[in-house]
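*Asks:* Quick note on numbering: our numbering labels position 304 of the sequence shown as 289, and the sequence is numbered without any gaps.
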Amino acid sequence: MSALTSFRFSALRAVFRKEIIDVLRDKRTLAAMILIPLFLYPLLILITSQVTLLVLESREEQVLPVAFAFSMDAGLAQMVLEEADHYKLSVQGVNDAALALDQQHIAAYVTRQPGPVYHIHFKSSEPGSREAANRLGSLLKDYQQRLSRASLEEAGLDPEAVLTPFRYEFQDVTADEERTGLFLGAILPFMLVVGVVTGAIYPAIDVTAGEKERGTMETLLTLPVSNAELMGGKFLAVACMAVAAALLNFLSLALVGNYIAGTLAATAGGESLSFAWGAMALPFAVTLLCIVVFSLFVSAAVLCITSFARSFKEANNYVTPLLLIFSLPPLLAVIPEFELTPVTAAIPAVNIALLIRDVLVSRTCGPETAIVLASNVAYAVLGVILLSRIFNSENILFGQGELRLLERRSLLIKGSSLTPGDGVVLFILGLLALFYLGSAWQLKWGFAGLAATQGLILAMPVLLALYLKADMARVFRWYLPRMRGVAAGVCLWLGALLAALLAGELMMRLFPHSRSVFEGLTRVLKGDNLPLTLAVVALLPAVCEEAFFRGFIFSALRGADKPWSAIAVSSLMFALFHLQPARMPATFILGVALALAAYGTGSLWVPVLMHFLNNAVGVLSLFYPEAYLRVQRVLDTGRPPWNAVLALAAAALLLAAGWILLPRKPGRRRQQAEAD
-14 MSALTSFRFS ALRAVFRKEI IDVLRDKRTL AAMILIPLFL YPLLILITSQ VTLLVLESRE
46 EQVLPVAFAF SMDAGLAQMV LEEADHYKLS VQGVNDAALA LDQQHIAAYV TRQPGPVYHI
106 HFKSSEPGSR EAANRLGSLL KDYQQRLSRA SLEEAGLDPE AVLTPFRYEF QDVTADEERT
166 GLFLGAILPF MLVVGVVTGA IYPAIDVTAG EKERGTMETL LTLPVSNAEL MGGKFLAVAC
226 MAVAAALLNF LSLALVGNYI AGTLAATAGG ESLSFAWGAM ALPFAVTLLC IVVFSLFVSA
286 AVLCITSFAR SFKEANNYVT PLLLIFSLPP LLAVIPEFEL TPVTAAIPAV NIALLIRDVL
346 VSRTCGPETA IVLASNVAYA VLGVILLSRI FNSENILFGQ GELRLLERRS LLIKGSSLTP
406 GDGVVLFILG LLALFYLGSA WQLKWGFAGL AATQGLILAM PVLLALYLKA DMARVFRWYL
466 PRMRGVAAGV CLWLGALLAA LLAGELMMRL FPHSRSVFEG LTRVLKGDNL PLTLAVVALL
526 PAVCEEAFFR GFIFSALRGA DKPWSAIAVS SLMFALFHLQ PARMPATFIL GVALALAAYG
586 TGSLWVPVLM HFLNNAVGVL SLFYPEAYLR VQRVLDTGRP PWNAVLALAA AALLLAAGWI
646 LLPRKPGRRR QQAEAD
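(1) How far does the alpha helix (DSSP H) with Tyr584 in it reach, from first residue to last?
(2) Just reading off the alpha helix (DSSP H) that Val460 is part of, what are its end residues?
(3) Which class does Gln89 belong to by DSSP, given the choice of helix, strand or coil?
(4) Specify, as a first and last residue, the run of the alpha helix (DSSP H) that Val304 falls within.
(5) Compare the Cα-Cα distances from Ile276 to each of Ala425, Asn336, Arg543, Met493 and report the closest residue.
(6) With distances taken from CA atoms, which of Gly200, Pro101, Leu121, Leu61 is nearest Arg131?
(7) Have a look at Ile574, Val76, Thr183, Ala582 and flag the residue whose alpha-carbon is nearest the alpha-carbon of Gly307.
(8) Identify whether Thr96 lies in helix, strand or coil by the three-state DSSP scheme.
(9) Measuring CB to CB, does Ala52 end up less than 8 Å from Gln77?
(10) In the DSSP assignment, what are the bridge partners of Leu74?
(11) How is Tyr364 classed by DSSP in three states: helix, strand or coil?
(12) Buried or exposed for Ser(-5), please, with buried defined as at least 16 other CB atoms from any protein chain shown within 10 angstroms of its CB.
(13) Would you give the residue range spanned by the alpha helix (DSSP H) that Tyr421 belongs to?
(14) Note down the Cα distance separating Ala583 from Pro327, rounded to an integer number of angstroms.
(15) What does a CB cutoff of less than 8 Å around Arg(-2) pick up in its chain, not counting 5 residues either side in sequence?
(16) Within the same chain, show all residues whose beta-carbon is closer than 8 Å to that of Leu640, passing over the 5 residues directly before and after it, in chain order.
(17) If we ignore side chains and look at the alpha-carbon of each, how far apart do Leu249 and Phe279 end up?
(18) Taking the beta carbon of Ile91 as the centre, do at least 16 other beta carbons fall within 10 Å, making it buried, or is it exposed?
(19) Rounded to whole angstroms, what's the CA-CA distance from Ala580 to Pro333? Just pull it up for me.
(20) Which stretch, first to last residue, makes up the alpha helix (DSSP H) that contains His596?
(21) Quick one: is Met202 buried, meaning 16 or more other Cβ sit within 10 Å of its Cβ, or exposed?
(22) Flag this pair as yes or no: are the beta carbons of Gly368 and Ala294 separated by less than 8 Å?
(23) Assess contact between the region 55 to 69 and the region 121 to 139, defined as three or more Cβ pairs (one per stretch) separated by less than 8 Å. Is contact present?
(24) With Ala523 and Leu443 assumed to form a contact (beta carbons below 8 Å), what rounded beta-carbon distance in angstroms separates them?
(25) Around the Cβ of Asn514, are there at least 16 other Cβ atoms within 10 angstroms (buried) or fewer (exposed)?
(26) How would you call Gln427, buried or exposed, if buried means at least 16 neighbouring beta carbons within 10 angstroms?
(27) Given a cut-off of 8 Å, decide if Phe461 and Leu589 are closer than it, judged by their beta-carbon atoms.
(28) Distance, Cα to Cα, Gly122 vs Thr96?
(29) For Phe282 and Val366, what's the separation of their Cα atoms in angstroms?
(30) If I measure Cβ to Cβ from Leu647 and keep anything under 6 Å in the same chain, skipping five residues before and after, which residues do I get?
(31) For Val102, which three-state DSSP category applies?
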């Protein structure tokens, strides 16, 4: 409450005004915001559409060479001779039609098999060849109808009455606003998402990395303005610029779309689309609300990324992958079968693109819309919280968490602490190794491949720590723990196990298809020998993964921030590393317990024991499924909730007991290990 009362909105407005003025003075920002959406996008779209029409028209008028690799009957030969100009075909005489097509002397050719069955040969990689095949298909279809009419006339029947006993026509009952929305919905979601991200990038770089490069960030932090007020002003300034850029994109694309639909479609011979601007008022208003909410999330995300950069160039390198990440999900809105559901409504960037598409075609649902808007607000709040922590951490804000891996090894100081950048690098390398090497090894060699994968997971942090000249004892904390720490770890593990089982059952109910996937993976891990399975599936991952996460990564994150942040981030990485979305909450809960034990006891052996016990339970459930089913029935959340409530209460008691048993005063060896 005191933090809210001490927050001065006048200071927030002053910072906001200062940042807006600075951003508007930057010519690069103005160019990115105004020139690109108002000039470059329309110009590119118009040029592309005109060139496309010219290419189509020239292709329609082009006479394409074809061949018939058989002796045509008189009727077909006469039709080809009479209608060659109509179909824009030039029949060539060749000895080897396949060779002629391969050497591009002809665009397509026809063969005939008994039946008769005609085969049209073409190359789909060549546009002219595809067009020639289509023209040959039309010619043969017309020849087929000519033969049918001749046969019916010989039999004394009316060809029109037999071949066309009735007529049918298509009547499009789509309203003008729906047709307008369908046209705009194909391009607006992607362009608006990209416009928001692009509009947020340059202001975010300027108010973070630009301030550092100019040397004014330190001056700002000395002013009588709290970090929350400073961060809030910068965040609102970036969000406003992102919304402005998106609106300019929206206006530009709508006007260009109106021009294209009204003129170019008619020029190409299609039906002109009249835009129902009045009926689109409500969809446009909802789209505007989506843009504003999404801009808050994007601004927070971009600011978090650019806050790590120390220069404008470095910030550009950081945001380029981010722009790619935000650009890919909106492409799903082009797929009609990809619908807005309660699940997709919570996926960042995807949800906004799908909602804008559905709103424009008047196909919306209240619950999904609420989820989209609420989730983006929640993501923005989380981003602001993370941004405030970055601004409160001088180590992160001023680049002390740099990538030491990029430095020359001769310049590294022996025994220096790891940085968060080192932890992120190891995590990315580990994911790549697991995806490209680990999966292939396990499919090829089975248990031996799993053991080799775990060996790689252990070797990577050890080798990286050696290269960085880190203090191995401080990074991996291989000190023997006290018995009290071991008891605390066991209690934490039991509580986390119950909580993870409950979370796993809940996720299985929300995503039923994931149960079969998980059961299939567990069956693959089951061997014929219990001790061997325990060694490979339980013991090896316990040692190797703990050295990876609670050793290297936790030490790297712990060196620059508070322990709870390191615990949360390393646990999230631990959950992502296992590549099982439905099991992610359960894995995250276990990761928190493991990281808490590692920090509280100052020894890596306690989380190793906890990890082994957890994996051993999974192995035993494979060899003794009856006992596992009994436990599963007890935790079944579909029964009257007493079982789940009791299990949750037991988990809370065990976690509390583990927390109480954790040593409050570190021992001499732990003090020595964590001393700078």
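Ideal Cβ placement from N, Cα and C applies to all residues, glycine included.
*Replies:* To lay it out plainly:
(1) Annotation for Tyr584: the continuous alpha helix (DSSP H) segment containing it runs 569 to 586.
(2) Note, Val460: alpha helix (DSSP H), 457 to 461.
(3) If DSSP states are grouped into helix, strand and coil, Gln89 belongs with coil.
(4) 297 to 312 is the extent of the alpha helix (DSSP H) around Val304.
(5) A check of alpha carbon separations from Ile276 across Ala425, Asn336, Arg543, Met493 identifies Asn336 as the nearest.
(6) Cα-wise, what sits closest to Arg131 is Leu61.
(7) Correcting the residue type first, residue 307 is Leu in the shown sequence and not Gly. Selected option, being the one with the closest Cα: Thr183.
(8) If DSSP states are grouped into helix, strand and coil, Thr96 belongs with the strands.
(9) Contact annotation: Ala52 and Gln77 have beta-carbon atoms nearer than 8 Å.
(10) The beta-bridge partner set that DSSP reports for Leu74 consists of Leu49.
(11) Helix at Tyr364.
(12) Counting Cβ neighbours within 10 Å, Ser(-5) comes out exposed, since fewer than 16 surround it.
(13) Counting along the chain, no alpha helix (DSSP H) covers Tyr421, and no H or E run does either.
(14) Approximately 37 Å, taken between the alpha carbons.
(15) Counting only Cβ-Cβ distances below 8 Å, and skipping sequence neighbours, we find Gly218.
(16) Once the five neighbours on either side are set aside, the close Cβ partners of Leu640 are Cys476, Leu477, Gly480, Ala481, Ala484, Ala578.
(17) Here the model assigns Leu249 a pLDDT of 49, short of 50, so the residue's position is not dependable and the matter cannot be decided.
(18) Buried.
(19) Rounded to the nearest angstrom, the two C-alpha atoms are 28 Å apart.
(20) Its alpha helix (DSSP H) spans residues 590 to 608.
(21) Answer is buried; the Cβ neighbour count reaches 16.
(22) No, these two residues do not count as a Cβ contact at 8 Å.
(23) Yes: the two stretches touch, three or more of their Cβ pairs being nearer than 8 Å.
(24) Taking 8 Å as the upper bound for CB-CB distance, Ala523 and Leu443 are not in contact here, some 15 Å apart.
(25) Residue environment analysis places Asn514 among the exposed positions, since fewer than 16 neighbouring C-beta atoms fall within 10 angstroms of its C-beta.
(26) Answer is buried; the Cβ neighbour count reaches 16.
(27) Yes. Within cutoff.
(28) Each residue's CA atom was taken as its position, placing Gly122 and Thr96 some 12 Å apart.
(29) If you draw a straight line from the Cα of Phe282 to the Cα of Val366, it is about 8 Å long.
(30) Taking Leu647 as the centre and dropping the five residues before and after it, the same chain places the C-beta of Ala473, Gly585 closer than 6 Å to its C-beta, in chain order.
(31) Strand.
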